[in-house]
Amino acid sequence: MPRARNRLTTRPRQTTRSSPLSHGNVTGERAAIYPTAGSKCHNVTLIREFKALTPPIFLGGPNFLEAENWMKEIKKILDVMAVPEEMRVSLASFMLRDEELFLSNYFPEAVRIQKRAEFIHLVQRNMIVTEYVAKFTQLSRYAPNVVADEQIRVEQFQEGLRLNIRAQVAPLMLHTYSKVVARALLPLLLLASDIHSYA
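In terms of our numbering, the sequence shown has 92 at position 98, counting the first letter as 1, and numbering is strictly consecutive.
In structure tokens form, the structure reads like this:
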């Protein structure tokens, strides 16, 4: 007769849970594993997870681009972690040595206005489509009201395209930014394909 297991001394079998950073629905997994948003326990967990990803520390300095690159890196980490909007500034400020100084030095209103104007008047000119897409994406962060509306974003992107490319894209009346970009890139992709087939 097999001996009965003593429930008090038998260790429960360990179950492994997938990390919210692995794959699958990150926000769904986060909700299941982490405590409720806003609770002290949840905030501590987020801070630990954020620091474990070794975000860069910004020490200051006169270079605007350095500050912008720092923000890009921080945003990438926050996106991967699926951090809610209301927590992002708090987490990012952990990696700043002087938050007030950073905001006043690197993102004064005059710079934001200038970048917004640059975005509004952006045209492709002699850029290839991929360069135009990259520039459009980079400057779009300064005009969130424009890119928030998908249709306005599409129109803004199309208006900046060179006339010969716009003539191929606009009549299709595409309604999503990703489709417009894909269509604008098509001639470039076909050219690359032709070059590859002759090589």
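Where is the CB? At the ideal position from N, CA and C, for every residue including glycine.
Point to revise | Separation of Pro165 from Lys109, as counted between CA atoms | key: Just so you know, the alpha carbons of Lys109 and Pro165 end up roughly 30 angstroms apart.
Check your understanding: Once you ignore the five residues that flank Arg147 on each side, which residues in its own chain have a CB closer than 6 angstroms to its CB?
Key -> If we look at Arg147 and ignore the five residues flanking it on each side, its Cβ neighbours are Val141, Tyr171.
**Study point:** Proximity winner among Pro102, Gln132, Val123, Glu103, relative to Leu113 (alpha-carbon distances)
**Key:** Here residue 113 turns out to be Phe, not Leu, going by the sequence shown. Ranking the options by Cα distance to Phe113, first place goes to Gln132.
Review point. If you draw a straight line from the alpha carbon of Phe88 to that of Ala76, how long is it in whole angstroms?
Key: About 17 angstroms.
Exercise for review: From the DSSP output, in three-state form, read off Phe194 for me.
Suggested key: Missing from the structure shown is residue 194; the chain here goes from -5 to 193 and no further.
Check your understanding: Whose C-alpha, out of Ala161, Pro49, Thr124, Glu103, is nearest the C-alpha of Tyr136?
Key -> Nearest neighbour of Tyr136 by Cα position, chosen from Ala161, Pro49, Thr124, Glu103, turns out to be Glu103.
Exercise for review: Please report the residue range of the alpha helix (DSSP H) in which Asp143 lies.
Suggested key: Counting along the chain, Asp143 falls outside any alpha helix (DSSP H), and DSSP gives it neither H nor E.
Review point. Over what stretch of residues does the alpha helix (DSSP H) that includes Val65 continue unbroken?
Key: The residue you asked about is not Val; residue 65 is Met in the sequence shown. From DSSP, the alpha helix (DSSP H) with Met65 extends over 58 to 75.
Check your understanding: Which of helix, strand or coil does DSSP assign to Gly32?
Key -> Confidence at Gly32 is low in this model, with a pLDDT of 48, below 50, so its placement is unreliable and no value can be given for it.
Review point. So, are the CB atoms of His169 and Gln145 less than 8 angstroms apart?
Key: Annotated as proximal: His169 and Gln145, with beta-carbon spacing under 8 angstroms.
Exercise for review: Grab the span of the alpha helix (DSSP H) containing Thr124 for me, first residue to last.
Suggested key: Start and end: 123 to 134.
Exercise for review: Determine the burial state of Val105: buried for a count of at least 16 other Cβ atoms within 10 Å of its Cβ, exposed for fewer.
Suggested key: Counting Cβ neighbours within 10 Å, Val105 comes out exposed, since fewer than 16 surround it.
Practice item. Go ahead and label Val163 buried or exposed: buried means 16 or more other beta carbons lie within 10 angstroms of its beta carbon, across all protein chains shown. Key: Taking every protein chain shown into account, the CB of Val163 has 16 or more other CB atoms within 10 angstroms, so this residue is buried.
Point to revise | Contact under 8 angstroms by Cβ, Leu182 with Ile122 | key: In this structure, Leu182 places its C-beta atom within 8 angstroms of the C-beta atom of Ile122.
Practice item. Please work out which residues of its chain come closer than 7 angstroms, Cβ to Cβ, to Val117, disregarding the five sequence neighbours upstream and downstream, and give them in chain order. Key: Cβ within range, chain order: Gly154.
Review point. If you draw a straight line from the C-alpha of Val175 to the C-alpha of Phe58, how long is it?
Key: Roughly 29 angstroms separates the two Cα atoms.
Practice item. Return the residue from the list Asn63, Met65, Ile71 that minimises the CA-CA distance to Lys45. Key: The residue among Asn63, Met65, Ile71 with its C-alpha nearest the C-alpha of Lys45 is Ile71.
Practice item. Measure the CB-CB distance between Ile41 and Leu85 and report whether it falls below 8 angstroms. Key: Here Ile41 is near Leu85, since their CB atoms are less than 8 angstroms apart.
Practice item. May I ask you to report which of helix, strand or coil DSSP gives Phe52? Key: In the three-state reduction of the DSSP assignment, Phe52 falls in the strand class.
Point to revise | Spatial neighbours of Ser134 in its chain, beta-carbon cut-off 8 angstroms, leaving aside the 5 residues before and after | key: Cβ contact annotation for Ser134 (same chain, cutoff 8 angstroms, sequence separation greater than five): Phe113, Val140, Val141, Arg147, in chain order.
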